Amino acid sequence: MNQEPILIEPLSPLKPIYLMSEQGVTDDQMRAITEGIHAVLNVAQQKMPIYDFGHWRHTQWRDNGQLRPFHSVDWYLERAQEESDRAEQLNADTLLNLLAMEPWRNPDEGGQRHYDVVVLQSDLYSGSDNNRFIIGGAYPDLGAAISVNRFQGLEPSLQFDCIVTETIHEMGHVFGLIPPGRQRNVEESLGKHCTNVCSMRQGVNVPMDWIRFTRDRLQQGPFCTDCEQDLRGFFA
Ligand SMILES: [Zn+2]
Ligand SMILES: [Zn+2]
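Its first residue numbered 1, the sequence shown is counted upward by one per residue in our numbering.
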């Protein structure tokens with residue numbers, strides 16, 4: 001046996017962040033999303049470019065009147081509706097799975113490694129859990145789907161602050177919170193969440209829990225010290 005050791009370069013967690021949004025999401029709501037992302041990158045002490053593709057459509061987004069797979073926001077959302085068993089809600093798992101397999105993230109297909117954040121005004125649910133709705137979903141190291149739907153009834157400045165908190169929470173998940181090894185100050189509630197005064201708490205009572213988390217965040221910062229450490233650990 002004369003086998004050369006194969007050296008596998010660790011893939012860097014530093015990647016650009018691609019934003020896409022559903023039609024109807026306002027500029028203010030997008031500003032809140034961007035502010036949330038920056039808040040997380042600040043704590044992580046990392047810099048990554050953010051590209052906002054808006055309501056993205058490739059120049060050849062249709063083919064004989066059909067939506068071309070992976071070539072517009074419209075297509076991702078159409079699939080998330082087709083794979084939903086609820087008329088008024090999109091399937092967040094479908095959306096995240098499609099992002100995971102899109103050609104745009106595969107260097108072999110001319111793509112570029114990146115994180116995805118899809119912002120929706122439609123309501124979401126997750127097929128993998130028994131839930132009435134979710135405000136967002138995230139896959140670690142991949143991206144997030146964030147819906148502003150449940151905060152739209154709030155007055156503008158509170159709505160803005162709650163969307164920032166929600167974005168911090170979902171981006172926290174994208175950047176590995178809460179890591180599987182952590183036993184301290186955690187609970188299992190639709191995934192692993194923090195039990196400290198922290199944006200990584202689980203808030204099933206919407207919007208009330210999130211208004212409370214937002215108040216705490218504005219007084220004490222986005223994350224508790226446990227999550228801060230874990231977040232920096234993701235990039236270490
Ligand atoms: Zn969560
Ligand atoms: Zn925490």
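Virtual Cβ for every residue (Gly too), placed ideally from N, Cα, C. Owing to the predicted nature of the structure, the values given are computational and were not obtained by experimental measurement.
{"Query": "Ligand 2 site residues, beta-carbon cut 7 Å against heavy atoms", "Result": "185, 194, 196, 198, 200, 223, 224, 226, 227"}
{"Query": "Sequence-distant residues of the same chain with beta carbon closer than 8 Å to residue 224, five excluded per side", "Result": "185, 194, 196, 197, 198, 200"}
{"Query": "Bounding residues of the beta strand (DSSP E) (the contiguous stretch that carries residue 21)", "Result": "17-21"}
{"Query": "Touching by the beta-carbon criterion (3+ pairs, under 8 Å), the region 200-214 and the region 21-41", "Result": "no"}
{"Query": "Residue ranges of each alpha helix (DSSP H) within the region 154-204, 4 or longer", "Result": "156-174"}
{"Query": "Contact test: residue 181 Cβ vs ligand 1 heavy atom, cutoff 7 Å", "Result": "no"}
{"Query": "Beta strand (DSSP E) runs wholly inside the region 48-124, at least 3 long, in chain order", "Result": "50-52, 89-91, 115-120"}
{"Query": "Close-in-space but distant-in-sequence residues of the same chain around residue 116 (CB under 6 Å, 5 per side omitted)", "Result": "18, 99, 143"}
{"Query": "Residue 211, DSSP secondary structure in three states", "Result": "helix"}
{"Query": "Sub-8 Å separation of residue 206 and residue 150 beta-carbons", "Result": "yes"}
{"Query": "Proximity to residue 136 [Cα-Cα], best of 111, 114, 172", "Result": "172"}
{"Query": "Cβ contact check for the region 28-40 and the region 156-176: 3 or more pairs under 8 Å", "Result": "yes"}
{"Query": "Opening and closing residue of the alpha helix (DSSP H) in which residue 135 lies", "Result": "No alpha helix (DSSP H) contains residue 135, which DSSP labels as neither H nor E."}
{"Query": "Residue burial classification, residue 53 (beta-carbon count within 10 angstroms, cutoff 16)", "Result": "exposed"}
{"Query": "Proximal residues to residue 297 (C-beta, below 6 Å), its chain only, five neighbours per side dropped", "Result": "The first residue shown for the chain is 1 and the last is 236, placing residue 297 beyond what the model contains."}
{"Query": "Spatial distance of residue 214 from residue 158 (CA atoms)", "Result": "9 Å"}
{"Query": "Three-state class that DSSP yields for residue 24 in the structure shown", "Result": "coil"}
{"Query": "Beta-carbon proximity check, residue 33 vs residue 134, cutoff 8 Å", "Result": "no"}
{"Query": "Ligand 1 heavy atom lying under 7 Å from the CB of residue 111", "Result": "no"}
{"Query": "CA-to-CA distance, residue 102 to residue 181, given in whole angstroms", "Result": "30 Å"}
{"Query": "Cβ-based neighbour list, residue 81, same chain, cut-off 7 Å, excluding 5 preceding and 5 following", "Result": "90"}
{"Query": "Residue 71 beta carbon near ligand 1 (any heavy atom closer than 7 Å)", "Result": "no"}
{"Query": "Closest residue to residue 125 among 148, 179, 113, 222 (Cα-Cα distance)", "Result": "148"}
{"Query": "Counterpart residues of residue 143 in DSSP-defined beta bridges", "Result": "116, 139"}
{"Query": "8 Å Cβ cutoff met for residue 161 and residue 127", "Result": "no"}
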